[in-house]
Amino acid sequence: MTISNIEQMAGWDSCDTCSGGGTISYSMTQGLNYPQSGTAQFSLGQGAAWGHALWWKRLGTDPTASHFVLTLDEYIENPGASFGIEYEANQIVDGQWYDFATQCSFGYGIWQLWDPANQRWVPTSVPCARPAPSTHTQLRLEFQRSNGQAVFVSIGANGNIVPVNMAFNPQPVNGLNGDFGVHIQLNANGNPDPYSVWVHDLRLTY
């Protein structure tokens with residue numbers, strides 16, 4: 000099953016300080032025709048150095064789902080203002096949170112993966128270069144819940160899919176069994192200049 004155009008759905012939640020950074024202004028604007036029809040703009044404004052803004056959307060419940068592919072088109076006018084951008088799918092099964100969070104860290108030049116049980120970012124060998132201004136990037140992120148672990152299967156950008164196959168233990172959590180969703184987080188750099196990411200056709204296949 001595929002859920003398409005998630006960026007245009009109602010019911011997104013958001014926060015800044017809850018994601019671990021300081022206070023920073025942020026916004027989300029849906030239904031835009033720039034840079035293409037049917038786009039949502041996620042923006043960071045002025046605020047704390049190294050601040051973050053997090054947006055998340057719950058999509059349903061299905062404890063039998065175990066394989067997820069997240070795809071989207073990303074467009075950034077001013078990538079130099081960003082330390083990194085996070086995209087994830089996540090799921091709760093039997094009191095365990097499988098948090099498939101990925102971070103394209105422009106600051107480090109690599110993709111990082113979230114280790115839910117140990118609450119830390121783990122570097123991969125997959126490069127993630129800062130894109131040129133005002134360019135599109137097609138992302139494909141594949142995950143699997145297997146043998147009680149959150150498995151990061153592969154990371155793809157513009158058709159270049161790189162196997163990752165790194166697995167982490169989930170985090171115990173109270174929540175609705177089978178609940179799943181997606182999130183997007185924008186990270187500021189040490190001199191938090193405003194910037195936006197335009198997202199088009201955010202899809203989750205499971």
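So that you can map any letter, position 72 of the sequence shown is 71 in numbering that gives the first Met the number 0, and since no number is skipped, the others follow by simple counting.
Beta carbons are placed, not taken as given, at the ideal position from N, Cα and C, and that holds for glycine.
Beta carbon of residue i nearer than 8 angstroms to that of residue j
i    : j    : result
P122 : Q170 : no
L112 : M165 : yes
Y205 : F105 : no
L185 : H51  : yes
Y97  : R144 : yes
Candidates the options, of which the one nearest residue i by Cα
i    : options                   : result
A48  : V198, D192, T204 and A149 : D192
L43  : E6, T60 and F82           : F82
S195 : P78, I109 and R202        : P78
A100 : R57, Y74, N146 and F151   : F151
G10  : N32, P34 and G59          : G59
Simplified DSSP assignment, three categories, for residue i
i    : result
C17  : helix
Q7   : helix
D200 : strand
P191 : coil
L138 : strand
V172 : coil
Cβ-Cβ separation, residue j to residue i (assumed contact under 8 angstroms), whole Å
i    : j   : result
V172 : I91 : 6 angstroms
S3   : W54 : That pair is no contact at about 18 angstroms.
Any non-hydrogen atom of the ligand GDP within 7 angstroms of residue i CB
i    : result
F105 : No copy of the ligand GDP occurs in the structure displayed, which carries no ligand at all.
Could you pull out every unbroken beta strand (DSSP E) segment of at least 3 residues lying fully inside the stretch 26–80, listed in chain order?
38–46, 51–60 and 66–75
Which runs of the beta strand (DSSP E) fall wholly inside the stretch 85–115 and span at least 3 residues, in chain order?
Counting only runs of 3 or more, we get 95–104 and 109–114.
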